[in-house]
Amino acid sequence: MTKGVKGRNYQLSIIGRYLVLIVIGLIFVFPLLFMVMSSLKPNMQLLRDSGSLRAFLPVGDISFNNYIDAFKRVPIARFMFNSVFVTIITLVFGLFINSLAGFAFAVLRWPGKNIILALLVATLIIPFETIAIPLLLIVNELPWIGAQGFKIGWLDTYHVQIIPFIADAFGIFLFTQFFKDLPKELVEASRIDGASWFQIYTRVFVPISGPVFATAAILKFLGMYNQFLWPLMTSQSESYRPVMVGVQYFFQLNVAWGEIMAYLSMITIPVLVFYLWLQRAFIESIAASGVKG
Amino acid sequence: MSDSRLEARVKTSQSPHLFSHKQKEALTGWFMAAPALILLLTFLIIPFIFAFYFSFTNQRLVSPNPTEFVGLSNFTRLLTVRTFTLEPLLDETTKQAQRDEAGNLVYPSLRDYTRNNPDYPQLNGLREWRSWQSGNKRTYLLASDVVFMKALVNILLFVLIVAPVQAGLALLLALLINQPLRGINIFRTIYFMPVVISMVVIAMLWRFIYDGNNGLLNTLLGYLSFGNFKPVDWLGNAKTAMPAVIIMSIWQAVGFHMVIWLSGLQTIPSVLYEAASTEGANNLQKFRFVTWPGLRNTAIFILIIITMQAFGLYTQIEVMTRGGPLDSTQTLVFQAVQRGFEKQDISGGSAISVLLFLIVLSVSLIQRYLTRERR
Chain Z
604 MTKGVKGRNY QLSIIGRYLV LIVIGLIFVF PLLFMVMSSL KPNMQLLRDS GSLRAFLPVG
664 DISFNNYIDA FKRVPIARFM FNSVFVTIIT LVFGLFINSL AGFAFAVLRW PGKNIILALL
724 VATLIIPFET IAIPLLLIVN ELPWIGAQGF KIGWLDTYHV QIIPFIADAF GIFLFTQFFK
784 DLPKELVEAS RIDGASWFQI YTRVFVPISG PVFATAAILK FLGMYNQFLW PLMTSQSESY
844 RPVMVGVQYF FQLNVAWGEI MAYLSMITIP VLVFYLWLQR AFIESIAASG VKG
Chain L
265 MSDSRLEARV KTSQSPHLFS HKQKEALTGW FMAAPALILL LTFLIIPFIF AFYFSFTNQR
325 LVSPNPTEFV GLSNFTRLLT VRTFTLEPLL DETTKQAQRD EAGNLVYPSL RDYTRNNPDY
385 PQLNGLREWR SWQSGNKRTY LLASDVVFMK ALVNILLFVL IVAPVQAGLA LLLALLINQP
445 LRGINIFRTI YFMPVVISMV VIAMLWRFIY DGNNGLLNTL LGYLSFGNFK PVDWLGNAKT
505 AMPAVIIMSI WQAVGFHMVI WLSGLQTIPS VLYEAASTEG ANNLQKFRFV TWPGLRNTAI
565 FILIIITMQA FGLYTQIEVM TRGGPLDSTQ TLVFQAVQRG FEKQDISGGS AISVLLFLIV
625 LSVSLIQRYL TRERR
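In order, the protein sequences belong to chains Z and L. Okay, so the first sequence: first residue is 604 according to the working numbering, each after it adds one. Okay, so the second sequence: first residue is 265 according to the working numbering, each after it adds one.
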């Protein structure tokens, strides 16, 4: 008898826990649900619906008209290409260069490496915003040889959005920590076989370091795709603007919320799909950045 | 193969090379680290040094005059604060304090003291920041850069509120997610979702949530109060704008710190909980005596990263309020960007950046000190 009561209490407490979890979940889901649903509605209906639960439901006059209008207002395809291009190139070069440096710090013995590594860790507390303006002046004076020949000043290009972000101290630190934990015998055995250091890096270390490459890639991806201040400063012409700067097109104009929601949905849904698909890796990356940082 | 023959082979294989193995290893090390180090030097260290350098000059983006070294004047212009007390004007004949028609005391104009008054050189150029009345006297808090001072106070308040609230809520979420329930990972995925979304998108979305006419928040509060709630233009009101930014910022980032708390929670050995159970500890006691001590380092770490992130408050401001209304949401980074980028006042923007860096540096040094103490 008492056992039965206890069982019922237990079941009630389980239901209570799920209720709490669900209510909190709704707080996180509803704004995003609202964004996607509103993007499908005409402005008048969107404003009317915001007074009821209809705001979160695909009801009424549903269409993709807002998307069509947003395409007319903003060169979305161009911006999306720019964002993806800049993100991928930075990511690929970044993974290579940072992991190579991590390998040098973790495996090789060379004079000065301990001091330099300590300095790198110290730079982690420099907020990017504090160097943005001097960095802008520096890239404005740097030379470049491209398709149009020799030119001074990097503004309004792809490389101004890419090159400053390839190397990052935190990425190097992540790779260093990971490589340090790999067994020493791997290196010794390969050295005896006559492998060069670079061969040890490419053939021994890289193939077994999937997790840390995934972590570094995800952190870089989020940082680059979501970047705002730097591309805002450096891309004055439309041809090099990424999607986040494109949000500015909707700042002042008499506010067409439907179009805004369509644009926001378009630039967010790819990231969300990517996240939901790889959510375990995403979350573990952040956890890793916490534990090791 | 005997030892001596092996030794001989090693020797012969070494001798024809220009460098010894050790030198080769060192060279390779430098060579492999060089690309990353050169990039970091160019795009992180040098700009950082430049920020310090500019903050001691009068550098502007485009200027007919050569750049000059101006010492600490950028900093004194930002940081000068003085109090100044005025007595009411006395009536010439009665020697009583003058009153205007509404019966209020009449004071001399503050501008007479702060504009080129040779008797008060220390007040020259200062502006009113705050003022208060005590008895007959009116005391002013004057600052040479009122907007900067407001930005400084705003960001300190923002950090002081966001750091504990966000860390606490994130811990609560982590404890909820740490329960052994079926499907719990779905909730973890949902709570974390805003973290992967750009702050630009979220700030834009929340502009609608906070809208004064059709905003979702007003609607929701209207329902909860059965229609008694009067709609508020959350971002258009100097009293509510900063709290609105704070709530949105916490909503966006709390999942990030939840995950870090979670990984801290999972390092606590379950044996400790079992031992506590056999001792008859209830859930609260388990938290107090097992969980919390096990989380101490995580707690310090989380506080420090929230603090560092919070001092950088910029994107939300740029998208939602641009510092307004009435400078109630000005922040250091927003001011640094405003001056350095939009007004092309490189030295002024750099001076703010340097101050921001010094604040962040001292906070993390304090954190270092605390972690060392407790270990």
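The C-beta atom is built at its ideal place from N, Cα and C for all residues, glycine as well. Nothing here was measured: the structure is a model prediction, and the numbers come from that model.
**Study point:** chain Z contact for L:L625 (CB, 9 Å cutoff)
**Key:** Walking along the second sequence from the start, residue 625 of chain L turns up at place 361. Taking Cβ atoms only, chain Z reaches closer than 9 Å to L:L625, which makes this a yes.
Point to revise | Nearest-angstrom Cβ-Cβ length linking Z:M827 and Z:V689, presumed shorter than 8 Å | key: As a first step, residue 827 of chain Z is located in the first sequence; it is residue number 224 there, counting from the start. As a first step, residue 689 of chain Z is located in the first sequence; it is residue number 86 there, counting from the start. With a beta-carbon spacing of about 6 Å, Z:M827 and Z:V689 fall inside the 8 Å limit used to define contacts.
Exercise for review: Can you tell me which of the three DSSP states L:L336 falls into?
Suggested key: Here residue 336 of chain L refers to the residue found at position 72 when the second sequence is read from its first residue. Under the three-state reduction of DSSP output, L:L336 falls in the coil class, being neither helix nor strand.
Check your understanding: Can you find a C-beta in chain L that's less than 9 Å from the C-beta of Z:L694?
Key -> Locating residue 694 of chain Z in the first sequence gives position 91, where the first residue counts as 1. With 9 Å as the cut-off, Z:L694 does not count as an interface residue toward chain L.
Practice item. Rank Z:V639, Z:F637, Z:A707, Z:M640 by C-alpha distance to the C-alpha of L:M296 and give the top, closest one. Key: By 1-based counting over the second sequence, the position of residue 296 of chain L is 32. Comparing alpha-carbon positions, the option among Z:V639, Z:F637, Z:A707, Z:M640 lying closest to L:M296 turns out to be Z:A707.
Review point. If you pair each beta-carbon of the segment 660-679 of chain Z with each one of the segment 478-497 of chain L, do three or more pairs fall below 8 Å?
Key: The segment 660-679 of chain Z makes no contact with the segment 478-497 of chain L: fewer than 3 CB pairs, one atom from each, lie closer than 8 Å.
Review point. Are the beta-carbon atoms belonging to L:N418 and L:T595 less than 9 Å from one another?
Key: To locate residue 418 of chain L, count along the second sequence from 1; it is residue 154. To locate residue 595 of chain L, count along the second sequence from 1; it is residue 331. In contact: L:N418 and L:T595 (Cβ atoms closer than 9 Å).
Check your understanding: Do you know whose CA, among L:P507, L:T347, L:A431, lies nearest L:F422's CA?
Key -> Numbered from 1 along the second sequence, position 158 holds the residue referred to as residue 422 of chain L. The candidate whose alpha carbon is nearest that of L:F422 is L:P507.
Exercise for review: Check each residue of the segment 642-666 of chain Z: if its Cβ is closer than 7 Å to any Cβ of chain C, include it; give the result in chain order.
Suggested key: Looking at the structure shown, chain C is missing, and the protein chains on hand are Z and L.
Exercise for review: Quick one: grab the DSSP three-state call for Z:Y804.
Suggested key: Position 201 of the first sequence holds residue 804 of chain Z. For Z:Y804, the three-state secondary structure derived from DSSP is helix.
Exercise for review: Determine the burial state of L:T579: buried for a count of at least 16 other Cβ atoms within 10 Å of its Cβ, exposed for fewer.
Suggested key: In the second sequence, residue 579 of chain L corresponds to position 315, counting from 1. Under this definition L:T579 is a buried residue.
Check your understanding: Near L:R363, which residues of its chain fall below 7 Å by C-beta distance, leaving aside the five closest residues on each side in sequence?
Key -> Within the second sequence, numbered from 1, the residue matching residue 363 of chain L stands at position 99. Excluding positions up to five away in sequence, the list reads L369, V370.
Review point. Taking the continuous alpha helix (DSSP H) assigned at Z:Y878, which residues delimit it?
Key: Taking the first residue of the first sequence as position 1, residue 878 of chain Z is located at position 275. It spans 860-880 - the alpha helix (DSSP H) in which Z:Y878 sits, taken as one unbroken run.
Review point. Quick one: is Z:G756 buried, meaning 16 or more other Cβ sit within 10 Å of its Cβ, or exposed?
Key: Here the question's residue 756 of chain Z lines up with position 153 in the first sequence. Z:G756 comes out exposed.
Check your understanding: Listing by chain order, which chain Z residues have their CB less than 7 Å from the CB of L:S628?
Key -> Locating residue 628 of chain L in the second sequence gives position 364, where the first residue counts as 1. In chain order: I728.
Practice item. Examine chain L for any beta-carbon lying closer than 9 Å to the beta-carbon of Z:T576, and answer yes or no. Key: Because chain Z in this structure spans residues 604 to 896, residue 576 of chain Z falls outside the shown range and cannot be described.
Point to revise | Exposed unless 16 or more other CB atoms sit within 10 angstroms - verdict on L:E606 | key: Mapped onto the second sequence, residue 606 of chain L falls at position 342. Answer is exposed; the Cβ neighbour count stays below 16.
Point to revise | Any C-beta of chain Z under 9 Å from that of L:S284 | key: The residue given as residue 284 of chain L occupies position 20 in the second sequence. Contacts with chain Z at 9 Å (Cβ-Cβ) do not include L:S284.
Check your understanding: Among L:D497, L:G293, L:L304, L:F318, which one has its Cα closest to the Cα of L:Q608?
Key -> Sequence index remark: in the second sequence, residue 608 of chain L carries index 344 (1-based). Checking every option, the nearest Cα to that of L:Q608 belongs to L:F318.
Point to revise | Anticipated Cβ contact below 8 Å, L:I441 with L:F451, distance rounded | key: Looking up residue 441 of chain L in the second sequence gives position 177. Looking up residue 451 of chain L in the second sequence gives position 187. The pair is a contact, with the Cβ atoms about 6 Å apart (cut-off 8 Å).
Practice item. Take every Cβ of the segment 695-710 of chain Z, pair it with every Cβ of the segment 742-759 of chain Z, and state whether three or more of those distances are shorter than 8 Å. Key: Result no; under three Cβ-Cβ pairs closer than 8 Å.
Point to revise | C-beta contact flag for Z:V695 and Z:F808 at 9 Å | key: Within the first sequence, numbered from 1, the residue matching residue 695 of chain Z stands at position 92. Within the first sequence, numbered from 1, the residue matching residue 808 of chain Z stands at position 205. Taking 9 Å as the Cβ cut-off, Z:V695 and Z:F808 do not qualify as a contacting pair.
Check your understanding: Taking 9 Å as the CB-CB limit, is Z:E676 close to chain L?
Key -> As a first step, residue 676 of chain Z must be located in the first sequence, where it is residue number 73. Checking the sequence shown, residue 676 of chain Z turns out to be Arg, not Glu. The Cβ of Z:R676 sits no closer than 9 Å to any Cβ of chain L.
Review point. Between L:A407 and the rest of its own chain, which residues show a CB-CB distance below 7 Å, the 5 nearest in sequence each way excluded?
Key: For this step, residue 407 of chain L is matched to residue 143 along the second sequence. Annotation for L:A407: T344, V345, L390, R391, W393, M413 place their beta carbon closer than 7 Å to its own, counting only its chain and skipping 5 residues before and after.
Exercise for review: Would you list, in chain order, the members of the segment 594-617 of chain L that have their beta-carbon closer than 8 Å to a beta-carbon of chain Z?
Suggested key: Closer than 8 Å at the C-beta level to chain Z, one finds these residues of the segment 594-617 of chain L: V597, A600, V601, G604, F605, I610, G613, S614, S617.
Practice item. With L:P299 as the anchor, note down where its alpha helix (DSSP H) starts and where it stops. Key: Here the question's residue 299 of chain L lines up with position 35 in the second sequence. DSSP places L:P299 inside the alpha helix (DSSP H), whose first and last residues are 285-304.
**Study point:** DSSP three-state assignment for L:T579, whether helix, strand or coil
**Key:** Within the second sequence, residue 579 of chain L is the residue found at index 315, counting from 1. Note: L:T579 maps to helix in three-state DSSP.
Check your understanding: Smallest Cα separation from L:S527: which of Z:A891, Z:T871, Z:K716?
Key -> Locating residue 527 of chain L in the second sequence gives position 263, where the first residue counts as 1. Nearest Cα to L:S527 within the set Z:A891, Z:T871, Z:K716: Z:A891.
**Study point:** Residues near Z:D652 by beta carbon distance below 6 Å, same chain, minus five either side
**Key:** By 1-based counting over the first sequence, the position of residue 652 of chain Z is 49. The answer, listed in chain order, is A658.
Review point. By the 10 Å Cβ neighbour count, where 16 or more other Cβ atoms means buried, how is Z:I630 classified, buried or exposed?
Key: By 1-based counting over the first sequence, the position of residue 630 of chain Z is 27. By the Cβ-count criterion, Z:I630 is exposed, with fewer than 16 other Cβ atoms from all chains shown falling within 10 Å of its own Cβ.
Exercise for review: For chain Z, find out if any of its Cβ atoms is closer than 9 Å to the Cβ of L:T579; answer yes or no.
Suggested key: If you number the second sequence from 1, residue 579 of chain L lands on position 315. Yes, contact with chain Z.
Exercise for review: Under the assumption that L:A517 contacts L:V459 (Cβ atoms under 8 Å), give the Cβ distance between them as a whole number of angstroms.
Suggested key: If you number the second sequence from 1, residue 517 of chain L lands on position 253. If you number the second sequence from 1, residue 459 of chain L lands on position 195. About 7 Å separates the beta carbons of L:A517 and L:V459, which is inside the 8 Å limit, making them a contact pair.
Exercise for review: Using alpha carbons as the reference points, say which of Z:W833, Z:V846, Z:I886, Z:I863 lies closest to Z:L739.
Suggested key: One-based indexing of the first sequence puts residue 739 of chain Z at position 136. Closest by alpha carbon: Z:W833.
Check your understanding: Helix or strand or just coil, what does DSSP make of Z:Q839?
Key -> Position 236 of the first sequence holds residue 839 of chain Z. Coil.
Review point. Assuming Z:M638 contacts L:L469 under a Cβ cut-off of 8 Å, what Cβ separation, rounded to an integer in Å, is found between them?
Key: As a first step, residue 638 of chain Z must be located in the first sequence, where it is residue number 35. As a first step, residue 469 of chain L must be located in the second sequence, where it is residue number 205. Z:M638 to L:L469, Cβ: 5 Å. Contact.
Review point. If L:I514 and L:L433 are in contact, beta carbons under 8 Å, what's the gap, nearest whole angstrom?
Key: Mapped onto the second sequence, residue 514 of chain L falls at position 250. Mapped onto the second sequence, residue 433 of chain L falls at position 169. Between L:I514 and L:L433 the beta-carbon gap is near 7 Å, inside 8 Å, which marks them as a contact.
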